[in-house]
Amino acid sequence: MTEAEDKSIDSASIKMIEKAATDGVNTAFDRAETMKPCPIGMVGNCCKHCGMGPCRVPLPKGKEETPAEKQKRRGICGATAETIAARNFIRMVAGGAAAHSDHGRGVAELFLAVAKGEAPGYKIKDEQKLLQLALDWGVKIGDRSNEEIAVDIGEIALAEFGKQEGEGLFVKRAPLKRQELWRRQGATPRGIDREIVEIMHRTHIGVDQDYRSLLRQGVRASLGDGWGGSMIATELQDILFGTPAPVLGKINLGVLKRDEVNLIIHGHEPLLSEMIVVAAQEPEMLELAKSKGANGINLAGMCCTANEILMRHGIPLAGNFLQQELAIVTGAVDAMVVDIQCIMQSLTTVAECYHTKVITTSPKAHIPGAVHIEFDEHNALESARAIVRTAIENFPNRRKNVDIPEEQTELIAGFSHETINYLLGGIYRASYRPLNDNIINGRIRGVAGVVGCNNARVKHNENHVAMVKELIKNDVLVLQTGCSAIASAEAELMVPEAAAKYAGEGLASVCEAVGIPPVLHLGSCVDNSRILVAATAMVKDGGLGDDISELPVAGAAPEWMSEKAISIGQYFVGSGVFTVFGVNWPTLGSDEVTKFLFEDFEDMYGGMWAFEPDPIKAAHLMIEHIDKKRKALGIDKARERVLYDMAMRREM
Ligand code: XCC
Ligand code: SF4
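In terms of numbering that gives the first Met the number 0, the sequence shown is residues 0 to 651.
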């Protein structure tokens with residue numbers, strides 16, 4: 000195995016890692032080798048919340064630590080390893096919940112501007128979803144126009160962020176039993192911002208110093224993300240830009256074109272990218288491109304923005320988190336436009352070795368060395384045109400070092416909750432009944448959400464693909480978002496043919512009957528809220544218990560790295576889902592905190608965390624949990640019958 004083959008399982012990426020070495024370019028793959036993690040920080044035991052620190056609390060020397068020894072293992076202020084690990088953990092939740100929610104706030108602001116007619120170029124695309132939300136939130140419909148209704152919805156949505164008292168409005172979407180549990184545990188989120196600020200307060204020196212109460216606030220803030228900020232982002236994006244429906248797309252670095260202007264859109268918010276899609280199709284832009292010697296304008300997405308524009312417009316997807324630098328290494332990217340989140344600062348230095356222009360657009364996210372073209376939502380099309388023009392004008396500057404790997408695969412994306420409902424239930428009676436029935440009769444063993452990032456500490460895409468293959472082989476239907484979805488698509492798991500190739504017989508038979516892949520692409524990271532909605536729909540359809548925690552489902556992020564992933568995992572757990580993370584676990588420095596998250600949480604929330612770096616073993620932890628839930632529901636025997644039938648069929 001070559002050095003590059005050790006870093007990714009994806010052949011396009013391997014080629015570009017090699018090209019980067021030839022071109023003398025330093026990437027995250029190189030930096031991960033030289034940057035050794037701090038062993039105390041890695042397990043969560045380093046605190047720098049005040050100027051007396053950083054305090055690095057070591058792990059206990061042996062198993063038999065005396066009280067006197069334990070007494071000494073503290074920060075200067077007296078904080079124990081438990082307090083420090085819990086504080087660090089929930090600050091990660093706060094960071095992640097803040098990122099998702101501030102994205103949601105941005106969408107709500109645009110939504111309101113569109114409703115008021117202050118954002119030309121945008122309009123409300125999904126009327127049905129608008130009216131549904133109006134019903135959910137008690138907004139008067141009558142004979143009011145969509146815009147009038149949307150003004151009310153936009154204002155209510157924005158107020159959710161700063162609400163001081165009461166419960167988040169989307170809490171009511173959860174199963175009743177779940178809502179009651181949250182109230183009992185003191186975990187029902189109030190205003191989204193409030194829960195995040197409260198984490199920052201409680202984790203300040205000398206405030207909350209009981210890891211149990213710290214972790215409860217972590218749950219609360221994460222629920223404000225999943226059932227708050229992220230859900231607002233997804234709902235309003237769907238109303239504005241259209242609810243995704245299944246679409247055939249292409250993926251991987253091979254989607255870049257040698258003879259066309261390549262413009263990559265990278266980041267998270269679809270606000271700008273929707274307009275770039277429009278601008279890039281304008282005849283004047285095409286003409287300008289031709290005048291510069293290009294045969295067209297090729298848009299491609301990266302990371303979660305890519306998921307958004309793929310789902311809604313079928314725009315090709317160039318890659319996931321660890322492929323962002325590699326895209327530039329092709330030498331064929333004329334501009335990479337970014338907004339917020341998961342954008343490597345090194346993009347501008349990598350770009351120096353080629354001709355690529357890196358364009359930042361968010362007032363919240365600047366990078367030295369990048370061109371800044373601020374996105375003005377009141378004049379969005381003009382901003383988008385300026386960006387497309389910058390890319391076109393840079394096309395003639397391409398250097399000799401262009402090499403685009405040919406790899407690209409197909410995928411079907413766009414499985415929103417609505418399409419799953421419709422596909423499985425049929426046109427006349429959209430419902431989750433067929434999914435529930437197939438779970439009850441055992442053809443589908445359960446459902447897993449496999450989500451999250453790439454992490455340069457492990458081989459790119461390897462854990463995602465290994466875990467997903469193992470799950471579908473065992474008849475578990477897999478729902479995906481984010482960079483994890485991209486990894487599976489690059490491995491050709493998101494096409495209907497994958498069912499016959501990789502899925503167990505039960506799952507394959509359902510996929511073939513409905514015509515869906517065994518691995519469904521549900522969108523970007525804020526769209527993990529779609530998984531919560533889907534899980535709730537399964538509960539409401541009946542036959543699988545009264546709460547999400549009774550469903551035969553599990554979650555995972557086998558290559559997680561971002562704080563957003565921790566917030567997502569925490570709201571999965573807080574919603575009653577068993578969730579296993581790979582790579583490393585940030586509280587291993589405190590046995591008590593880890594045990595609390597991995598074991599005690601199950602009694603409190605019905606869902607709990609687990610850590611397992613081996614993706615196959617992790618998949619089996621999920622399957623075991625699914626089987627445990629099947630047994631509790633009394634549907635474990637059905638599956639044995641299905642398997643028996645299949646064995647008999649094979650013998651015939
Ligand atoms: Fe970022 Fe959303 Fe993680 Fe990918 S999966 S690395 S968070 S782009 Ni959200
Ligand atoms: Fe050290 Fe306490 Fe300050 Fe943290 S808050 S750096 S543990 S003194």
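Built from N, CA and C at the ideal position, the CB exists for glycine as well.
key: Contact between the segment 221-232 and the segment 514-522 (3+ Cβ pairs under 8 Å)   = no
Shell residues, 5 Å Cβ cut-off relative to heavy atoms of ligand 1 = Cys-302, Cys-303, Phe-320, Cys-341, Cys-452, Gly-481, Cys-482, Cys-524, Ser-561, Lys-563
Inset, instruction - Taking 7 Å as the cut-off, decide whether the C-beta atoms of Ala-138 and Ala-114 are in contact. - result: Reading off the sequence, residue 138 comes out as Val, not Ala. No, Cβ-Cβ distance for Val-138 and Ala-114 is not below 7 Å.
Checklist entry - What number of angstroms, rounded off, separates the C-alpha of Gly-684 from the C-alpha of Cys-482? => result No answer is possible for residue 684: the residues shown for the chain start at 0 and end at 651.
What residues in its chain sit with their C-beta under 8 Å from that of Leu-130, if we drop five residues either side in the sequence?
Ile-140, Ile-148
- State whether the segment 191-207 contacts the segment 86-99, with contact taken as three or more CB pairs (one from each stretch) at a distance under 8 Å. yes
- Task: Consult DSSP for Leu-550 and reduce its assignment to one of helix, strand or coil.
- Result: coil
| message | Following a CB-centred definition, is Ile-204 positioned closer than 6 Å to any heavy atom of ligand 2? | response | yes
Limits of the unbroken alpha helix (DSSP H) element including Leu-434:
432-439
**Asked** Of all the options Ile-403, Leu-550, Trp-136, which has the alpha carbon lying nearest to the alpha carbon of Thr-329?
**Response** Ile-403
ask   = Under three-state DSSP, which class holds Leu-587?
value = coil
inquiry  = Buried or exposed for Asn-294, going by 16 or more other Cβ atoms inside 10 Å?
reply    = exposed
Note down the Cα distance separating Val-509 from Arg-442, rounded to an integer number of angstroms. 7 Å
Please classify Trp-608: does DSSP put it in a helix, a strand, or coil? strand
- Message: Looking at ligand 2, does it come within less than 6 Å of Met-199, judged from the CB to the closest heavy atom?
- Response: no
### Message
Within the continuous alpha helix (DSSP H) that includes Ile-372, where are the two ends?
### Response
First-last for Ile-372: undefined, no H or E at that position.
Item to complete: Report back the beta-carbon spacing between Lys-256 and Gln-407 to the nearest angstrom; my notes put them in contact at under 8 Å.
Response: About 11 Å separates the two Cβ atoms, so there is no contact after all.
Review point. How is Arg-311 classed by DSSP in three states: helix, strand or coil?
Key: helix
- prompt: Relative to the C-alpha of Leu-214, which residue among Ala-637, Glu-623, Lys-636, Thr-586 is closest?
  reply: Thr-586
Between Pro-59 and Pro-36, what straight-line distance do the alpha-carbon atoms span, to the nearest angstrom?
-> 20 Å
**Prompt:** For the candidate residues Arg-219, Met-284, Cys-341, whose alpha-carbon lies nearest to that of Ile-264?
**Reply:** Cys-341
Return the CA-CA distance between Ser-12 and Leu-346, expressed in angstroms with no decimal places. 16 Å
Cβ-heavy atom distance, Ile-75 to ligand 2, below 6 Å:
yes
- Query: In its own chain, which residues sit with a C-beta less than 6 Å from the C-beta of Gly-448, not counting the 5 before and 5 after it?
  - Reply: Leu-478, Ile-530, Gly-554
Find out if the Cβ-Cβ distance for the pair Leu-247, Leu-109 is shorter than 7 Å.
-> no
Q) Quick one: is the Cβ of Ala-80 within less than 6 Å of any heavy atom of ligand 2? A) no
Item to check | Through-space distance from Gly-633 to Gly-541, alpha-carbon basis | outcome: 14 Å
Self-check item: Asn-527 (DSSP reduced to helix, strand or coil)
Solution: helix
**Item:** Check whether Ala-118 and Ala-220 have beta carbons under 7 Å apart
**Value:** no
DSSP three-state label for Thr-665, please. Past the edges of the chain, shown from 0 to 651, lies residue 665, and the structure says nothing about it.
Discussion item. Output needed for Gly-187: all residues of its chain with C-beta closer than 8 Å, excluding positions within five of it in sequence on either side, in chain order.
Written reply: What sits at residue 187 in the sequence shown is Thr, not Gly. Glu-166, Gly-167, Val-170, Gln-178, Trp-181, Arg-219, Leu-222, listed in sequence order.
Beta carbon of Cys-352 nearer than 7 Å to that of Asp-135
no
Met-607: beta carbon under 6 Å from a heavy atom of ligand 2? no
>> By the DSSP assignment, the beta strand (DSSP E) with His-265 in it spans what residues?
In response: 260-265
Ala-156 vs Ala-107 beta-carbon contact at 7 Å: yes
Checklist line | Same chain only: Cβ atoms within 7 Å of Ile-438, ignoring 5 sequence neighbours per side | finding: Gly-445, Leu-543, Pro-551
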